[in-house]
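K.L.:
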Amino acid sequence: MNTTKEQRILRIERKAVLPSGWLHLVLVDPDGAPMFNAEPGQFVEVAVDRAKVLLNRPLSIYNRTERSLELLVSPVGTATRALEEYAEGDSLRVIGALGKGFGIPSGKVLLVGGGVGIAPLYYQMRRLLEKGCEVEVLFGMRTAPDDAVCRRFSELAPLHVCTDDGSAGFHGLVTAHPVFTAGNYSMIQMCGPKPMMKAAAALAAAAGIEAEASLENMMACGLGACLCCVEPTVKGNLCVCKHGPVFNIKKLQW
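Counting the sequence shown from 1 gives a position; the numbering used here is that position plus 1281.
1. Taking only runs that begin and end inside the segment 1356 to 1434, name each unbroken alpha helix (DSSP H) of 4 or more residues, in chain order.
2. Which of the three DSSP states is assigned to L1519 in this structure?
3. Kindly indicate the opening and closing residues of the beta strand (DSSP E) around V1354.
4. Which residues in the same chain have their Cβ closer than 8 angstroms to the Cβ of E1369, if we skip the five residues on either side of it in sequence?
5. For V1327, which residues in the same chain have their Cβ closer than 7 angstroms to its Cβ, ignoring the five residues on either side in sequence?
6. Below 7 angstroms between beta carbons: does that hold for G1489 and G1398?
7. Assuming I1342 contacts A1319 under a Cβ cut-off of 8 angstroms, what Cβ separation, rounded to an integer in Å, is found between them?
8. Does any residue of chain C have a CB that is nearer than 7 angstroms to the CB of P1401?
9. Whole angstroms is fine: what's the gap from E1365's alpha carbon to C1510's?
10. Please name the residue, chosen from L1484, C1520, E1493, that lies closest to A1501 on a Cα-to-Cα basis.
11. Ordered along the chain, which non-local residues of its own chain (more than five positions away) have a Cβ less than 7 angstroms from that of G1453?
12. For P1386 versus M1478, is the C-beta distance shorter than 7 angstroms?
13. Under the three-state reduction of DSSP, which class applies to H1441: helix, strand or coil?
14. Check the DSSP bridge columns for L1304 and list the partner residues they point to.
15. For C1472, which residues does DSSP report across the bridge?
16. Check V1329 in the structure and name its three-state DSSP category.
17. How about F1383 and V1527: are their beta carbons less than 7 angstroms apart?
18. Please report the Cβ distance between C1431 and L1440, rounded to the nearest whole angstrom; I am assuming they are in contact, meaning their Cβ atoms lie under 8 angstroms.
19. Quick check on V1334: does DSSP put it in helix, strand or coil?
20. Going along the chain, which residues of its own chain have a beta-carbon closer than 8 angstroms to the beta-carbon of R1423, five neighbours each way excluded?
21. Under three-state DSSP, which class holds F1528?
22. Using the Cβ count rule (16 or more neighbours within 10 Å means buried), how would you classify E1288?
23. State the Cα-Cα distance for the pair N1465 and G1394, rounded to the nearest angstrom.
24. A1262 to E1347, Cα distance in whole Å?
25. Quick one: what's got a C-beta closer than 7 angstroms to V1329's C-beta in the same chain, skipping five residues either side?
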């Protein structure tokens, strides 16, 4: 799929506030036009005018269909908390799709998500399954995740959950889960807190397993101009928004 950057005014067709407090937004073109193309792992920049902040907010693409774009948002900052004020029928200015997404490996793939870092993995899971890959999914959460999110993943692929407090699934870190330690994967693709991804990357590298990480560095412009999101790599400091957010772990100075 070829992607080009577009700016659109999109309407909130559906909004759900999950028990965790996360927001699930389904956006559509108000004129019924097809949604802009996007690869799994790419992101959009959203202008949250009601937050009265200067910069747009980068958000992972949870899912994309021909006519819709879905976002899964954890409202933790000024702008993302202001999204709670928006209702179905309201409009948002969205720029996308931005950045470089996940690759398409062959064989068996493990998708590892920490917290709301699970968001870009759903769209990637769909694509991998369409390409004939075998997929397993591993969540790492502080506490039991939302049932609606779990159901959506588990309807398509085996889902395993780790929680810090033991309230659901495996009590412990994703890197200690038997599904992770099995190590029989051609690729591990992940998104979440950097300490989690660094630990998973180190174990993957030691086992000779290819891995990709979607970084969540602080971003501002989303275009590689402001240098706010630079990450040390083997090729020097690179802007995550332009050269990522997805990187092969061999290219990162971890």
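Glycine included, every Cβ here is placed at the ideal spot set by N, Cα and C.
P.N.:
Taking the geometry as given:
1. 1359 to 1363, 1400 to 1411
2. strand
3. 1350 to 1354
4. I1293, E1294, R1295, K1296
5. N1337, R1338, L1340, L1373, V1375
6. no
7. 5 angstroms
8. Protein chains in the displayed structure number just one, and chain C is not present.
9. 26 angstroms
10. C1520
11. C1443
12. no
13. strand
14. V1298, V1354
15. G1394, S1495
16. coil
17. yes
18. 6 angstroms
19. coil
20. G1396, T1444, D1445, D1446
21. strand
22. A small correction: the amino acid at residue 1288 is Gln; Glu does not occupy that position in the sequence shown. So Q1288 counts as exposed.
23. 18 angstroms
24. No answer is possible for residue 1262: it lies beyond the span of the chain, which begins at 1282 and ends at 1535.
25. R1338, A1360, A1363, L1364
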